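Going by the numbering used here, the first residue of the first sequence is number -9, and it counts up by one from there.
Glycine included, each C-beta is placed from N, C-alpha and C at the ideal position.
As the structure is a computational prediction, the values presented were derived from the model and not from experiment.
Okay, structure first, notes after.
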Amino acid sequence: MVCRTPVKVKDPTSHLEMVIVPEKVYVLRNHRGKEIKIGLFVSPRTGKKFRALLPDAYQC
DNA sequence: CTAATTAT
DNA sequence: ATAATTAG
């Protein structure tokens, strides 16, 4: 799932709230059916990669 | 602890 | 191979 929709996430490295497009998005579903969405991001400031929770209603 | 993904 | 990510 490659996305273009910007999301507001907190960059853990710079501790800044930023609106960026996730590089990759995937869903975690445990054996009990609980789902969460994770985005893989690259911080434009540090170039560091990080993962963050996405809003449940996020679409690419 | 589990799930999926991928950078390290 | 392991960390990181969330929530219950």
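Judged by DSSP in its simplified three-state form, Arg19 adopts strand.
Considering only Phe40, Pro45, Ala47 and Asp46, the residue with the shortest C-alpha distance to Glu13 is Phe40.
Its Cα nearest to that of Asp1, the residue Gly37 stands out among Gly37, Val(-8) and Arg(-6). Here Lys24 is exposed: its Cβ has fewer than 16 other Cβ atoms, across all protein chains shown, within 10 Å. Ile26 and Thr3 have their alpha carbons spaced roughly 22 Å apart.
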